[in-house]
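**Student:** For the protein sequence lines, the chains are S, W, D and F, in the order given.
Per my numbering, the very first residue in the first sequence carries number 1; after that it's consecutive.
Per my numbering, the very first residue in the second sequence carries number 216; after that it's consecutive.
Per my numbering, the very first residue in the third sequence carries number 431; after that it's consecutive.
Per my numbering, the very first residue in the fourth sequence carries number 646; after that it's consecutive.
Backbone N, C-alpha and C fix where the C-beta goes; we use that ideal spot for every residue, glycine too.
Protein chains: 4
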Amino acid sequence: MTKTILLTGFEPFNGADINPSWEAARALDGWTGPGFQVVARQLPCVFGRANVALLDAVEELHPDIVIGVGQAGGRPEVSLERVAINVDDASILDNAGQQPVDSAIIAGGPAAYFSTLPIKAIVRALRLRGFPAGVSQTAGTFVCNHVFYGLMHHAAGRLLKAGFVHVPYLPEQAAARPERPPSMALADIVDCLRIAVELAVGVDGDVAEAGGATH
Amino acid sequence: MTKTILLTGFEPFNGADINPSWEAARALDGWTGPGFQVVARQLPCVFGRANVALLDAVEELHPDIVIGVGQAGGRPEVSLERVAINVDDASILDNAGQQPVDSAIIAGGPAAYFSTLPIKAIVRALRLRGFPAGVSQTAGTFVCNHVFYGLMHHAAGRLLKAGFVHVPYLPEQAAARPERPPSMALADIVDCLRIAVELAVGVDGDVAEAGGATH
Amino acid sequence: MTKTILLTGFEPFNGADINPSWEAARALDGWTGPGFQVVARQLPCVFGRANVALLDAVEELHPDIVIGVGQAGGRPEVSLERVAINVDDASILDNAGQQPVDSAIIAGGPAAYFSTLPIKAIVRALRLRGFPAGVSQTAGTFVCNHVFYGLMHHAAGRLLKAGFVHVPYLPEQAAARPERPPSMALADIVDCLRIAVELAVGVDGDVAEAGGATH
Amino acid sequence: MTKTILLTGFEPFNGADINPSWEAARALDGWTGPGFQVVARQLPCVFGRANVALLDAVEELHPDIVIGVGQAGGRPEVSLERVAINVDDASILDNAGQQPVDSAIIAGGPAAYFSTLPIKAIVRALRLRGFPAGVSQTAGTFVCNHVFYGLMHHAAGRLLKAGFVHVPYLPEQAAARPERPPSMALADIVDCLRIAVELAVGVDGDVAEAGGATH
């Protein structure tokens with residue numbers, strides 16, 4: 001039976017006019033491989049509304065795996081997020097002008113959820129194929145973490161494998177910024193997501209390989 | 216009634232011969248202020264044993280507040296950790312030669328605990344007094360997070376305020392490293408911990424002030 | 431009359447097995463455009479010998495323009511070097527095991543030479559096309575600067591436009607390094623060099639546009 | 646005979662209200678050691694005027710050694726500048742609202758001058774005493790480099806040892822900046838300048854020690 005993989009990306013935010021997470025996700029919309037098909041959906045960069053859109057898509061598509069994708073401007077590599085935490089703490093406004101501070105995403109929900117994607121196996125595969133990648137110990141406290149937490153809260157207790165991937169700026173975004181951030185070509189980001197999907201489909205459990213941080 | 220504040224620092228690790236967390240903590244051992252006294256204890260940088268030592272000290276001293284302190288080599292500022300996660304994933308060996316990968320700190324424990332220190336109020340106070348400081352969304356997955364998680368697990372359900380603070384390299388450590396990391400003078404780190412203790416004693420709850428990260 | 435553009439890249443060094451400067455330069459070997467043709471040559475990463483090879487190629491090809499290209503591992507963007515200085519000071523061994531310290535490249539030569547490429551115009555064009563790029567105020571003191579200085583010393587007083595471009599690590603190089611450096615896709619580096627060649631051919635003088643650094 | 650050391654620092658610039666270079670220099674005004682005395686002078690952060698003020702001070706004081714000091718916000722260490730280049734290229738306005746682009750500091754002057762301070766010996770001494778320090782291959786293209794070049798141009802052919810030192814932000818400056826730059830305590834910066842003065846007085850020539858950069 002064909003598995004359905006839902007890939008979500010975000011609309012641009014914070015005044016930008018492009019978001020690499022959506023550019024990469026939509027490039028894989030409709031991609032099919034042995035035993036799976038990918039559907040991509042764009043989420044609004046808005047606390048609350050993003051999770052409504054996500055859960056609507058989950059209800060509609062009944063995916064077997066959900067991989068949220070977001071932009072991590074300033075990071076040099078594709079990062080596989082390990083953990084979502086139950087807090088919204090926005091250092092900038094979301095696209096609806098909201099800026100929640102230290103509020104729970106799900107009142108009474110657990111403090112955190114761990115990704116159920118094979119993040120170590122994905123990082124290993126990405127590096128072997130020459131793509132800079134790593135495990136990240138924080139998805140921040142903005143809309144990306146909000147969606148990641150909402151996703152994992154929904155997946156908890158269900159047969160739904162899920163997790164979140166952060167991607168760098170595109171070169172064209174980096175070219176316009178004075179702080180000279182790192183970037184990654186869109187084609188490479190797309191290839192990384194392709195590999196992540198294949199591993200998410202093909203790997204049960206994960207490999208035991210160090211991917212931690214001393215701090 | 217006098218409150219007891221337990222400050223813990225770590226022994227040097229990863230081949231170093233000094234650890235700023237312990238240098239700073241022990242500088243405050245025996246410090247008393249209005250209504251409080253500080254006791255400093257050194258913890259081994261060893262998974263498992265560090266938490267035994269910590270809980271022994273807690274049992275002995277019956278502190279009202281515990282602030283764990285650790286070294287975050289490469290960070291430019293004093294960071295107030297927001298969350299401890301239930302995983303050991305060591306990218307280097309601890310001082311007993313252990314290198315756990317993706318193992319739970321407390322089997323069956325919650326995925327994470329949030330600090331109960333007034334981290335936003337402390338960051339605000341530090342910055343106002345001219346010290347670089349910030350909230351951190353990850354304490355890593357090495358012995359610092361291990362102790363932070365063990366501490367919060369013990370404190371859960373008890374009247375024990377607790378949390379964790381990461382401090383930069385000392386200038387002398389930075390001077391010896393080829394990657395040119397940032398550093399902070401020991402006297403400044405000590406002053407920062409002093410302020411953290413005063414706020415931990417004096418502030419109930421926390422202030423509502425953005426301290427999050429977009430990723 | 432067809433102009434000849436000599437593009438030089440380096441062999442791998444410091445234990446690496448690839449050098450993006452050569453991969454990019456050789457991808458343009460034989461490329462012809464309106465009124466110009468490109469010839470690429472590899473230089474050894476060896477003090478002294480690199481400049482012999484460079485000047486041999488100049489004597490053989492009689493180029494109108496020479497653009498030296500080198501790897502700047504850790505930089506996030508293509509950088510157009512402004513100035514070459516008359517000093518060798520090696521922090522690592524070159525490929526012949528040499529490590530000169532504070533020795534002049536050309537005894538009695540001027541302290542420095544400025545690039546005669548239209549570096550500001552190239553940076554502007556690269557950014558407009560979405561590539562991260564900038565002016566750099568230092569080419570270091572290793573073999574890249576050695577070649578850049580040797581090149582400019584030869585070009586001085588001749589009708590030879592010349593300069594030097596540093597390029598980032600390739601993604602596959604970054605993927606293998608623990609310090610998580612930025613990188614750039616090879617196709618993008620090649621496109622950047624292509625634009626640099628076109629501007630070097632087409633622009634006389636340079637545009638007046640800030641490209642400096644406060645320090 | 647007592648040697649006179651002129652230490653210059655800058656007034657605040659770019660909207661700041663403090664400049665660590667002046668805070669540190671003035672802390673040493675009047676300091677005397679075996680065979681030397683220090684005089685500190687503040688320079689305006691203004692192209693042109695800064696060099697007038699510098700040369701007025703040199704004419705008045707007849708110093709044996711001049712050490713210019715400037716702020717390098719974002720650098721983690723005290724940096725001993727190797728080379729001044731003959732170009733003004735301002736990425737921000739100076740304190741008189743000027744923003745020169747690619748103009749020569751001294752028309753017809755040499756492209757660059759090398760510092761005549763024992764920069765390698767100073768870096769070695771600083772590191773040995775536990776202060777983060779390094780040789781820098783560029784002093785930028787703003788007013789610091791302008792003063793450094795003007796100073797070396799004046800010193801050329803005279804018995805005047807001269808050079809330039811860049812210092813990091815103070816902690817209080819870093820505390821107020823969102824990009825979380827590194828910083829150094831004022832007392833440490835002062836100690837570093839003290840050591841630089843002692844070495845400049847006591848060392849003839851320099852030590853042969855690698856201090857270069859690969860790029």
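Less than 9 Å between CB atoms is the rule here; does G560/D satisfy it with respect to chain S?
**Tutor:** yes
**Student:** Comparing C-alpha positions only, which one of D621/D, N525/D and A605/D sits nearest to G134/S?
**Tutor:** A605/D
**Student:** What residue does the beta strand (DSSP E) around D317/W start on, and which one ends it?
**Tutor:** V316 to S318
**Student:** Between the region 692-700 of chain F and the region 788-796 of chain F, are three or more C-beta pairs nearer than 8 Å?
**Tutor:** yes
**Student:** Anything in chain F within Cβ reach of D244/W, meaning under 7 Å, just list it in chain order.
**Tutor:** Per Cβ cutoff of 7 Å: no residues; D244/W is ~23 Å from chain F at best.
**Student:** Name, in chain order, the residues that DSSP records as bridge partners for R41/S.
**Tutor:** Paired residues: T8/S.
**Student:** Rounding to the nearest angstrom, what Cα-Cα distance links Q501/D and V87/S in this structure?
**Tutor:** Distance between the alpha carbons of Q501/D and V87/S: 42 Å.
**Student:** How big is the Cα-Cα spacing for P816/F and L222/W?
**Tutor:** 24 Å
**Student:** Take R512/D and list the residues in its own chain whose beta-carbon comes closer than 7 Å to its own, dropping the five residues that flank it on each side.
**Tutor:** F544, S545, I549, V565, S566 and Q567
**Student:** What is the C-beta distance between F594/D and G498/D, in whole angstroms, given that I count them as a contact (C-beta under 8 Å)?
**Tutor:** 4 Å
**Student:** Against S183/S, what residues of chain D qualify as contacts under a CB-to-CB distance less than 8 Å, listed in chain order?
**Tutor:** P506, P562, P612 and M614
**Student:** Span of the alpha helix (DSSP H) holding L629/D?
**Tutor:** L616 to G632
**Student:** To the nearest angstrom, how far is the alpha carbon of L258/W from that of L673/F?
**Tutor:** 41 Å
**Student:** Residues in the region 309-337 of chain W with C-beta within 8 Å of chain S's C-beta atoms, listed in sequence order?
**Tutor:** Q314, V316, D317, P325, A326, A327, Y328, F329 and K335
**Student:** Grab me the residues of I122/S's own chain with a C-beta within less than 6 Å of its C-beta, minus the 5 sequence neighbours each way, in chain order.
**Tutor:** L80, A196 and L199
**Student:** Using the three-state DSSP reduction, which class does V362/W fall into: helix, strand or coil?
**Tutor:** helix
**Student:** Check whether the Cβ atoms of P76/S and P182/S sit closer than 9 Å, and answer yes or no.
**Tutor:** yes
**Student:** Note down the Cα distance separating L484/D from K806/F, rounded to an integer number of angstroms.
**Tutor:** 37 Å
**Student:** Could one say the Cβ of R342/W lies closer than 9 Å to chain F's Cβ atoms, at least one of them?
**Tutor:** Yes, R342/W lies at the interface with chain F (some Cβ there is under 9 Å from its Cβ).
**Student:** Taking the CB atoms as reference points, tell me whether I5/S and V38/S lie closer together than 9 Å.
**Tutor:** Less than 9 Å divides the Cβ of I5/S from the Cβ of V38/S.
**Student:** Is the beta carbon of K260/S sitting closer than 9 Å to the one on D56/S?
**Tutor:** Outside the shown range of chain S (1 to 215) lies residue 260/S, about which nothing can therefore be said.
**Student:** Can you grab the Cα-Cα spacing for the pair A112/S / I106/S, in whole Å?
**Tutor:** 11 Å
**Student:** Since A647/D and R456/D are thought to touch, with beta carbons under 8 Å apart, how far apart are those beta carbons, to the nearest angstrom?
**Tutor:** There is simply no residue 647/D to check, as chain D begins at 431 and stops at 645 in what is shown.
**Student:** Quick one: what does DSSP say D304/W is sitting in, helix, strand or coil?
**Tutor:** Of the three classes helix, strand and coil, the one that applies to D304/W here is strand, per DSSP.
**Student:** Taking CB distances under 9 Å as the criterion, tell me whether E387/W reaches chain F.
**Tutor:** yes
**Student:** Give the range of the beta strand (DSSP E) segment to which I67/S is assigned.
**Tutor:** I65 to Q71
**Student:** So, for A311/W: in the same chain, excluding its five sequence neighbours on each side, which residues have a beta-carbon less than 6 Å away from its beta-carbon?
**Tutor:** V261
**Student:** Along the region 131-163 of chain S, what residues have a CB closer than 7 Å to any CB found in chain W?
**Tutor:** Q137, T138, A139, G140, T141, F142 and C144
**Student:** Rounded to the nearest angstrom, how far is the Cβ of V531/D from that of A858/F, given a contact under 8 Å?
**Tutor:** Going by Cβ atoms, the distance from V531/D to A858/F rounds to 13 Å, so no, they are not a contact pair.
**Student:** Looking at chain D, is there any beta carbon in it that lies within less than 9 Å of the beta carbon of N664/F?
**Tutor:** no
**Student:** From H277/W to P383/W, what distance separates their C-alpha atoms?
**Tutor:** Taking the Cα positions, H277/W is about 29 Å away from P383/W.
**Student:** Out of F655/F, V703/F and A669/F, which has the shortest C-alpha to C-alpha gap to L796/F?
**Tutor:** V703/F
**Student:** Would you report the Cα separation of D304/W and G108/S, rounded to the nearest angstrom?
**Tutor:** Cα to Cα, D304/W sits roughly 28 Å from G108/S.
**Student:** Can you name the start and end residues of the alpha helix (DSSP H) that E394/W belongs to?
**Tutor:** Unbroken run through E394/W: none, as it is neither H nor E.
**Student:** So what does K765/F bridge to, in DSSP terms?
**Tutor:** For K765/F, which the question treats as bridged, DSSP gives no partner whatsoever.
**Student:** Whose C-beta lies closer than 6 Å to the C-beta of P657/F among residues of the same chain, with five residues either side of it excluded?
**Tutor:** I663 and N664
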